[in-house]
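J.: Quick one: structure below, then a few questions.
Okay, structure coming up:
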């Protein structure tokens with residue numbers, strides 16, 4: 048049995064305490080930094096809640112673009128780094144300028160990845 052509060056609940060409590068009790072007591076010159084810490088905690092909570100689904104979807108989309116099977120021995124992060132480096136090199140080389148269908152697929156992958164990141168980092172912006 049897991050203890051309560053959970054790690055996510057502890058972070059949420061810490062963030063609320065920081066914003067409600069600590070920030071108002073700080074000098075004005077230190078409040079910005081404290082709010083940045085609170086924002087970082089909120090981002091971390093949203094990323095943890097989202098899990099790895101967005102990263103896996105991006106990996107799967109890029110692997111499909113390149114006709115690769117997902118390698119179970121490679122972590123999602125390692126695969127994404129490798130595939131994103133390949134994609135960046137291909138974009139710089141103009142590889143997708145000759146293939147309109149592939150360009151549409153690349154834009155869809157990048158749009159989905161951007162939307163997922165915005166949902167985690169700045170959910171109000173994505174609305």
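Residue numbers (my numbering): 48 to 174. Virtual Cβ for every residue (Gly too), placed ideally from N, Cα, C.
1. Could you check if residue 68 is buried or exposed, using at least 16 other CB atoms within 10 Å of its CB as the buried criterion?
2. Specify the secondary structure class of residue 53 as computed by DSSP and reduced to three states.
3. Among the residues of its own chain, which have a CB less than 7 Å from the CB of residue 65, if the five just before and after it don't count?
4. Identify which residue in 152, 58, 54 and 129 has its Cα closest to the Cα of residue 112.
5. Identify, in the order they occur along the chain, each residue of the same chain with its Cβ nearer than 6 Å to the Cβ of residue 172, setting aside the five sequence neighbours on each side.
T.: Once the coordinates are examined:
1. Indexing the chain shown from 1 puts residue 68 at position 21. That one is exposed.
2. Here the question's residue 53 lines up with position 6 in the chain shown. If DSSP states are grouped into helix, strand and coil, residue 53 belongs with coil.
3. Sequence index remark: in the chain shown, residue 65 carries index 18 (1-based). Taking C-beta separations shorter than 7 Å and ignoring five residues to either side along the sequence, the partners of residue 65 in its chain run 81, 84 and 85, following chain order.
4. One-based indexing of the chain shown puts residue 112 at position 65. When each option's Cα is compared against that of residue 112, the closest is 152.
5. Looking up residue 172 in the chain shown gives position 125. The answer, listed in chain order, is 165.
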